[in-house]
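K.L.:
Just so you know, this note's numbering puts 181 at position 165 of the sequence shown, and the rest follows in order with no gaps.
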Amino acid sequence: MKPTEEWRKLIFNLSDQAFFDLVRNYLGDIHTPFNKHNLLDQLEAFLLKKANMDQIISMIDSSDAELLTAIDFLEKASIGQLYALFSDEKPYYSFYTQLMNLEERLLICPVPGKKDGQTVVISPLFRDELKKQIIDIDLFLGCRKVSIKKNSKYSWYDIPVISAFVSGLMSKKGKAKAVIPGRNFSSGQGEIIKNILLDNSLLYQNGRQPVPVKENFKRLFSLDNRDVSRFFIQSYLSTDPLVAFIYENMRCDRSYPDSSFARLARCTAYLAGLDEGDIQACKDKLIKASLAVEDSTGLRKLNPVLEAGEGKVVVQPDFSLYAQGALSLEENMTIAFYSEIRELDVISRWEVTRESFMRGIRSGISADTFIKLLEKKSGSPLPQNILFSFKSWEEECQGIAVYRGCVIKVDQRFSKLLDNNSTFKGYVKEKLSDGLYLIPDEDFPDAMKVVEGISGQSLALPPEAKNTDMSAAATIEYDFRRFQDYDKPAAKAKRHDISERLLKKIEALDITKEQQDILADRVHRKLILSEDQLEGGSVRYELMEARGIDYNRKVRLCQHVMEVGGAFLELSLGPDETLLMKPLQLKKAGKDMLVTGDEIPDGTPVQVPLRKVRYMRKVRTSLMG
């Protein structure tokens, strides 16, 4: 099926009057006999002709482009949903008139198959050209392109802060404030980190003493630093999905003034199927959490600090460690378990103490792992005095060992087989005695498979420990690409306003004043592409408007709209009072007439005395709906 086939069906199924009015406008008089299919072929060819296509595109102004982008961006949004994005800027009658004008210019059409006409899409006839030259997300959102704002200092979601906080929290025995010396770190941010750690089973509270769960931290070690920070941010925002989505949808190279942020929030809510709620509260939450900052250009997204270059650690003889650069979460946490944070800055200062070193061993990270990390990142062997102390503290710590895991007990028949099985030995945390093995929780199922293979028995496993699926808890599924992966139109359309030339041509035509007015109205509605269309013979008279002093014309216009249908009435009652209504009845009220009907869009019953109407205009509803 041709991309335009559905469009052709919509046009072909128009009422005869609407179809022939459309054809006459673009092709001129229709001569009998005629074939409707042939006329449709001619109309399509006329609109697709390059000169005509260019003229149609050139007549799209920024307001049209904004609405067309909204229609394309939201994909099959209803008219009501579209208006919600513009309700702060224009009244409904103005929005609806513009939308219907885009339809009569054939730039949009109802979704094929939906008979209510309340859901619109970009016309397939013009979709490609509109995407190339008109569709502009920045214009629609009202955001501005800016240079990416780099953080001047760490925030709570940066890996160095998280690791320093874990170290400081263990040293301070659970107090969440003042755990990171040397920087302005609020207790509120400390509580954010602590709650995220607890909620994701990265930390558990053992009395007053918070204890990091290394096994759960290991699940994050495979992520790069950006994704780790994103995990913490999404964890914090997971109780408010709309704010989480808004943050993801914001671009770092854009700023969002208030109206732009409101539109972004409403689009996000629509696409995510959420209620928009309190938009100002969403903005305040992002600012309070240091996820965004407001400056003279608008609201700007803040991203985690990503250090450039390879991470380095300088080891001093006094047991001080100076860390800088892009250390991974695993490297940062290894230092955090084995050291105490003294100062966090561009270069962070840590200190290894006897207590912190033993704490690191008890965490399950081997002392050898810590030593190798320091030697790798410093580029040289450790000073002898430090290495001697580390070995001494390790021996002292090994006098008492506390492990978390499962025990496998076998008799002499199987113990020798297991002792010589390299796969099984890789799972053993500690051989407690002959035939008695301590296995970490995470390795227990694999170790049991080896035992089953050797014994030839199917063994019942104890219930596995229930671990929080952190990635599922913190990450909300949603497609953010439409907000992130877009560019400005490749070839911006050149504006070409021919209305003045066309209006002068109309004045020179040998036709009636009434016909001139009708043609001028078509020019203003951007339905005339060239002087060839200015033929008086193709003009069918249609009552479109009435002014206050012409009472009889107002009566006729009301009667016309009620009889013919397919239109609303826009009534101007004063400088600041205009309404759009569907007229249902015209009745006498003393010396005046009352037009009664339903206000659009909410359907509220309304009645208006005709003498109060200063200006009345017919507003077409969808031709194709």
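Every residue gets a Cβ at the ideal spot worked out from N, C-alpha and C, and that includes glycine.
For the structure I just gave you, are there three or more beta carbon pairs, one from the stretch 96-103 and one from the stretch 47-67, closer than 8 Å?
P.N.:
Judged by Cβ distances under 8 Å, the stretch 96-103 makes no contact with the stretch 47-67, as fewer than three pairs qualify.
K.L.:
Exposed or buried, alanine 481, counting other C-beta atoms within 10 Å across all chains shown (16 or more means buried)?
P.N.:
Counting from 1 along the sequence shown, the entry for residue 481 is found at position 465. Note that alanine 481 scores 42 on pLDDT, short of 50, meaning its location in the model is unreliable and no value can be drawn from it.
K.L.:
When you compare each of Phe248, Met597, Ile178 to threonine 113 by their alpha carbons, which one comes out closest?
P.N.:
One-based indexing of the sequence shown puts residue 113 at position 97. Nearest of Phe248, Met597, Ile178 to threonine 113, Cα basis: Met597.
K.L.:
Please check the pair leucine 535 and isoleucine 522, which I expect to be a contact at CB under 8 Å, by giving their CB distance rounded to whole angstroms.
P.N.:
For the purposes of this step, residue 535 is taken as the residue at position 519 of the sequence shown. For the purposes of this step, residue 522 is taken as the residue at position 506 of the sequence shown. Confirmed, about 5 Å.
K.L.:
For chain B, check one thing: does any of its Cβ atoms lie closer than 7 Å to the Cβ of glycine 293?
P.N.:
Absent from the structure is chain B; it holds one protein chain and no more.
K.L.:
Report the rounded CA-to-CA distance for serine 254 versus asparagine 216, giving the unit in angstroms.
P.N.:
In the sequence shown, counting from the first residue as 1, residue 254 sits at position 238. In the sequence shown, counting from the first residue as 1, residue 216 sits at position 200. One C-alpha to the other measures close to 12 Å.
K.L.:
Using the C-alpha atoms, what's the distance from alanine 285 back to lysine 529?
P.N.:
Within the sequence shown, numbered from 1, the residue matching residue 529 stands at position 513. Within the sequence shown, numbered from 1, the residue matching residue 285 stands at position 269. One C-alpha to the other measures close to 51 Å.
K.L.:
Can you tell which of Ala67, Gly442, Leu452 has its C-alpha closest to the C-alpha of histidine 512?
P.N.:
Residue 512 sits at position 496 when you count from the first residue of the sequence shown. It is Ala67 whose Cα lies nearest to the Cα of histidine 512.
K.L.:
Comparing alpha-carbon positions, which option in Met69, Thr135, Ile208 lies nearest glutamine 149?
P.N.:
In the sequence shown, residue 149 corresponds to position 133, counting from 1. The option with the nearest alpha carbon to glutamine 149 is Met69.
K.L.:
From lysine 465 to phenylalanine 233, what does the alpha carbon distance come to, in whole angstroms?
P.N.:
What you label residue 465 is simply residue 449 of the sequence shown in a count that begins at 1. What you label residue 233 is simply residue 217 of the sequence shown in a count that begins at 1. About 26 Å.
K.L.:
Could you tell me the distance, in whole angstroms, from the CA atom of glycine 564 to the CA atom of arginine 627?
P.N.:
What you label residue 564 is simply residue 548 of the sequence shown in a count that begins at 1. What you label residue 627 is simply residue 611 of the sequence shown in a count that begins at 1. So the two alpha carbons sit approximately 7 Å from each other.
K.L.:
According to DSSP, is lysine 425 part of a helix, a strand, or is it coil?
P.N.:
Here residue 425 corresponds to residue number 409 of the sequence shown, with the count starting at 1. Residue state, collapsed to three classes: strand.
K.L.:
Going by the DSSP bridge assignment, what does asparagine 222 pair with across the sheet?
P.N.:
Translated into the one-based positions of the sequence shown, residue 222 becomes position 206. Paired residue(s): Gln225.
K.L.:
Helix, strand or coil, according to DSSP, for phenylalanine 584 in the structure here?
P.N.:
As a working mapping, residue 584 is identified with position 568 in the sequence shown. It is a strand residue.
K.L.:
What did DSSP end up calling glutamate 480 once you bin it into helix, strand or coil?
P.N.:
As a first step, residue 480 is located in the sequence shown; it is residue number 464 there, counting from the start. Residue confidence for glutamate 480 is low, a pLDDT of 45 falling below 50, so the modelled location carries little weight; the figure read from the coordinates is stated next. It is coil, neither helix nor strand.
K.L.:
Is the beta carbon of glycine 341 closer than 7 Å to that of glycine 327?
P.N.:
Against the sequence shown, residue 327 aligns to sequence position 311. Against the sequence shown, residue 341 aligns to sequence position 325. Yes, the pair counts as a contact, with Cβ atoms nearer than the cut-off.
K.L.:
Please check the pair leucine 389 and threonine 350, which I expect to be a contact at CB under 8 Å, by giving their CB distance rounded to whole angstroms.
P.N.:
Counting from one through the sequence shown, the residue named residue 389 turns up at place 373. Counting from one through the sequence shown, the residue named residue 350 turns up at place 334. Yes, they are in contact, since the Cβ atoms of leucine 389 and threonine 350 sit about 6 Å apart, within 8 Å.
K.L.:
Excluding five sequence neighbours on each side, which residues of the same chain lie with their C-beta closer than 7 Å to the C-beta of aspartate 291?
P.N.:
The residue labelled residue 291 in the question sits at position 275 within the sequence shown. Closer than 7 Å at the Cβ level, and outside the excluded window around aspartate 291, lie Ala285.
K.L.:
Between which two residues does the beta strand (DSSP E) harbouring cysteine 125 extend?
P.N.:
Taking the sequence shown and counting its residues from 1, the one referred to as residue 125 is at position 109. Cysteine 125 -> beta strand (DSSP E) spans 124-126.
K.L.:
For proline 479 and proline 456, I'd like the C-alpha separation in whole angstroms.
P.N.:
Position 463 of the sequence shown, counting from 1, holds the residue named residue 479. Position 440 of the sequence shown, counting from 1, holds the residue named residue 456. Because the pLDDT of proline 479 is 44, which lies under 50, any placement of that residue in the model is unreliable, and the number read from its coordinates should be weighed accordingly. Taking the straight line joining both Cα atoms gives about 14 Å.
K.L.:
Hey, serine 12 and asparagine 222 are a contact pair by Cβ (cut 8 Å); roughly how many whole angstroms apart?
P.N.:
Lying outside 17 to 641, the shown extent of the chain, residue 12 is not represented and no answer is given.
K.L.:
Mapping DSSP to helix, strand and coil, what is threonine 439?
P.N.:
Along the sequence shown, one-based indexing puts residue 439 at 423. It is helical.
K.L.:
When the Cα atoms are used, what is the spatial distance from glycine 190 to serine 449?
P.N.:
Position 174 of the sequence shown, counting from 1, holds the residue named residue 190. Position 433 of the sequence shown, counting from 1, holds the residue named residue 449. Its pLDDT being 48, under 50, glycine 190 is placed unreliably by the model, and the measurement read from it follows with that caveat. When rounded, the distance between both Cα atoms is 37 Å.
K.L.:
Cutting at 6 Å between CB atoms, please list the residues of its own chain near lysine 165, excluding the five before and the five after it.
P.N.:
What you label residue 165 is simply residue 149 of the sequence shown in a count that begins at 1. Taken in chain order, the residues that qualify are Arg316.
K.L.:
Which same chain residues, not among the five before or five after isoleucine 249, have their C-beta less than 6 Å away from its C-beta?
P.N.:
Along the sequence shown, one-based indexing puts residue 249 at 233. Once the five neighbours on either side are set aside, the close Cβ partners of isoleucine 249 are Tyr173.
K.L.:
Looking only at its chain, what residues have a beta carbon closer than 8 Å to the beta carbon of leucine 59, apart from the 5 residues adjacent to it on each side?
P.N.:
Reading the sequence shown from its first residue, position 43 is the one you call residue 59. For leucine 59, where only same-chain residues beyond five positions count, the Cβ hits under 8 Å are Ile27, Leu38, Val39, Tyr42, Leu43.
K.L.:
So for leucine 115, helix, strand or coil by DSSP?
P.N.:
In the sequence shown, residue 115 corresponds to position 99, counting from 1. Looking at leucine 115 - three-state DSSP - the assignment turns out to be helix.
K.L.:
Name the DSSP beta bridge partners of methionine 632, please?
P.N.:
The sequence position of residue 632 within the sequence shown is 616, counting from 1. Answer is Ala562, Leu587, bridged to methionine 632.
K.L.:
What does DSSP give as the partner residue(s) for leucine 596 in the beta ladder?
P.N.:
Counting from one through the sequence shown, the residue named residue 596 turns up at place 580. In the DSSP output, where bridge partners are listed per residue, leucine 596 has Glu586.
K.L.:
Quick check on DSSP: helix, strand or coil for lysine 161?
P.N.:
Within the sequence shown, residue 161 is the residue found at index 145, counting from 1. In this structure, lysine 161 counts as strand in the three-state DSSP scheme.
K.L.:
Quick test of your reading: glutamate 367 and serine 336, contact by CB under 8 Å. State the CB separation rounded to the nearest angstrom.
P.N.:
As a first step, residue 367 is located in the sequence shown; it is residue number 351 there, counting from the start. As a first step, residue 336 is located in the sequence shown; it is residue number 320 there, counting from the start. Contact holds; Cβ gap of about 5 Å.
K.L.:
Apart from the five residues on each side of it in sequence, which residues of its chain come closer than 6 Å, Cβ to Cβ, to lysine 301?
P.N.:
Counting from 1 along the sequence shown, the entry for residue 301 is found at position 285. The residues are Val259.
K.L.:
Excluding five sequence neighbours on each side, which residues of the same chain lie with their C-beta closer than 6 Å to the C-beta of glutamine 532?
P.N.:
Here residue 532 corresponds to residue number 516 of the sequence shown, with the count starting at 1. Closer than 6 Å at the Cβ level, and outside the excluded window around glutamine 532, lie Ile522.
K.L.:
For threonine 85, count the other beta carbons within 10 Å of its own beta carbon; 16 or more makes it buried, fewer makes it exposed. Which is it?
P.N.:
For the purposes of this step, residue 85 is identified with residue 69 of the sequence shown, where counting begins at 1. With 16 or more other Cβ atoms within 10 Å, it is buried.
K.L.:
Taking the alpha carbon of glutamate 516 as the point to measure from, which residue in Leu280, Pro461, His540 has its own alpha carbon closest?
P.N.:
Taking the first residue of the sequence shown as position 1, residue 516 is located at position 500. That would be His540, whose Cα lies nearest to the Cα of glutamate 516.
K.L.:
Which first and last residues belong to the beta strand (DSSP E) in which proline 625 is found?
P.N.:
Locating residue 625 in the sequence shown gives position 609, where the first residue counts as 1. Run containing proline 625: 621-625, per the beta strand (DSSP E) assignment.
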